[in-house]
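First comes the structure, then the notes that go with it.
Residue numbers (this note's numbering): 18 to 291.
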């Protein structure tokens, strides 16, 4: 069965344009086709990992050209493995795009109802969550590592849309993007304690013990369960099968590459009508 993300060229996977994501530009980059070198070879899009800033900006310009979405219309956030989400507007265009300090501070999620903005976050194993409410023109993007996941950043986006933006739960769709899979992600009791706490005994378990005190954790499945717990219909959640650690020809992986690696970019935006 084909993945919900389709590779369209060496640098880029796009979220398939079936409803409800047909109105947006949404996808995930690979590590191929850029200008970075060494541990960041070649399409590193992270400004905060120690790569040459000018090279990263050139890589980002390459992505802007591929998407035909101007760099000055992107918005990035700091990504601190938290749960704060900010609604953004055109007045914040360019934040965090060519330098990391100008990114939206203390945030791991962004959303907007304005066209012409590209929400853009960096990843190297954590789970990208793409949100869409087509009837309301609302789009969102969140960064869910294990810390953000157990703090329920997925549920926080749903809460904001439902309570603050008055969007019915039945009108929200979510895509769970490429990230490290249970095949490659082993964690200890320190993590599992938080997983058990957020699941509150719900089944099925999203982890299995592989040795004493060691567990294979499925972060994508955990986020899916939390989205359903927040009231999103299961058939409104689309889950990618890509594992960023397994697919070493396609993706950077913080776990596989032992912390010294580049970053892919997840993005979502609604182009202005001409």
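Even glycine gets a Cβ: it sits at the ideal position worked out from N, Cα and C. Predicted model, so just to flag it, every value in this text is computed and none were measured.
Span separating the alpha-carbon of residue 131 from that of residue 237 = Stepping through the chain shown from its first residue, residue 131 is reached at position 114. Stepping through the chain shown from its first residue, residue 237 is reached at position 220. If you draw a straight line from the Cα of residue 131 to the Cα of residue 237, it comes to about 28 Å.
Within 10 angstroms of its Cβ, does residue 25 collect 16 or more other Cβ (buried), or is it exposed?
-> Counting from one through the chain shown, the residue named residue 25 turns up at place 8. Residue 25 should be labelled exposed.
For residue 181, does the count of other Cβ atoms within 10 angstroms reach 16, so buried, or fall short, so exposed?
-> On the chain shown, residue 181 is found 164 positions in, with the first residue counted as 1. Result: exposed.
Since I believe residue 51 is in contact with residue 60 (beta carbons under 8 Å), could you give me their beta-carbon distance rounded to a whole number of angstroms?
-> Counted from its first residue, the chain shown places residue 60 at position 43. Counted from its first residue, the chain shown places residue 51 at position 34. 3 Å between Cβ atoms; contact.
Mind checking which residues open and close the alpha helix (DSSP H) that includes residue 97?
-> For the purposes of this step, residue 97 is taken as the residue at position 80 of the chain shown. DSSP places residue 97 in no alpha helix (DSSP H); its state is neither H nor E.
Apply the 10 Å Cβ neighbour rule to residue 106 and answer buried if 16 or more other Cβ atoms are within range, or exposed otherwise.
-> Taking the first residue of the chain shown as 1, we reach residue 106 at position 89. With fewer than 16 neighbouring CB atoms inside 10 Å of its own CB, residue 106 falls in the exposed class.
In the DSSP assignment, find the alpha helix (DSSP H) that holds residue 82 and state where it starts and stops.
-> Within the chain shown, residue 82 is the residue found at index 65, counting from 1. Annotation: the continuous alpha helix (DSSP H) that includes residue 82 extends over 70-84.
Anticipated Cβ contact below 8 Å, residue 121 with residue 89, distance rounded | Taking the first residue of the chain shown as 1, we reach residue 121 at position 104. Taking the first residue of the chain shown as 1, we reach residue 89 at position 72. With a Cβ gap of about 16 Å, residue 121 and residue 89 do not count as contacting.
When DSSP builds the beta bridges, which residues end up paired with residue 121?
-> Counted from its first residue, the chain shown places residue 121 at position 104. Beta-bridge analysis with DSSP links residue 121 to 94.
Residues bridged to residue 22 (per DSSP) | Against the chain shown, residue 22 aligns to sequence position 5. Looking at the DSSP assignment, residue 22 forms a beta bridge with 32.
Who are the Cβ neighbours of residue 195 in its own chain at under 6 Å, not counting the five residues just before and after it?
-> Counting from 1 along the chain shown, the entry for residue 195 is found at position 178. The beta carbon of residue 195 sits closer than 6 Å to those of 45, 257, 259 and 261, all from its chain and outside the five residues before and after it, given in chain order.
Pull up the DSSP beta-bridge partners for residue 204, would you.
-> As a working mapping, residue 204 is identified with position 187 in the chain shown. Its beta-bridge partners are 232.
Taking residue 282 as part of the beta strand (DSSP E), name the residues at either end of that continuous run.
-> Against the chain shown, residue 282 aligns to sequence position 265. Under the DSSP assignment, residue 282 falls in the beta strand (DSSP E) whose first and last residues are 281-286.
Given 8 Å, three or more beta-carbon pairs between the segment 271-286 and the segment 146-163 = Output reads yes: the segment 146-163 touches the segment 271-286.
How would you call residue 227, buried or exposed, if buried means at least 16 neighbouring beta carbons within 10 angstroms?
-> Start at 1 with the first residue of the chain shown, and residue 227 comes out as number 210. With fewer than 16 other Cβ atoms within 10 Å, it is exposed.
Per DSSP, residue 153 forms a beta bridge with which residues?
-> Looking up residue 153 in the chain shown gives position 136. Residue 153 is not bridged to any residue.
Is residue 254 helix, strand or coil when you go by DSSP?
-> Taking the chain shown and counting its residues from 1, the one referred to as residue 254 is at position 237. It is a strand residue.
In this structure, what does DSSP give as the bridge partners for residue 144?
-> Numbered from 1 along the chain shown, position 127 holds the residue referred to as residue 144. In the DSSP assignment, residue 144 forms a beta bridge with 161.
What residues are listed by DSSP as bridge partners for residue 129?
-> On the chain shown, residue 129 is found 112 positions in, with the first residue counted as 1. DSSP, once it has assigned bridges, lists 156 as partnering residue 129.
Could you tell me whether the segment 207-216 touches the segment 266-279, where touching means 3 or more Cβ pairs closer than 8 Å?
-> Taking one beta carbon from each stretch, the segment 207-216 and the segment 266-279 have fewer than 3 pairs nearer than 8 Å; the two do not touch.
Go ahead and pull the three-state DSSP assignment for residue 166.
-> By one-based count along the chain shown, residue 166 stands at place 149. Three-state DSSP puts residue 166 in a helix.
Near residue 239, what residues of its chain come up, given a Cβ to Cβ distance below 6 Å and the 5 sequence neighbours on each side ignored?
-> Taking the first residue of the chain shown as 1, we reach residue 239 at position 222. The answer, listed in chain order, is 166 and 223.
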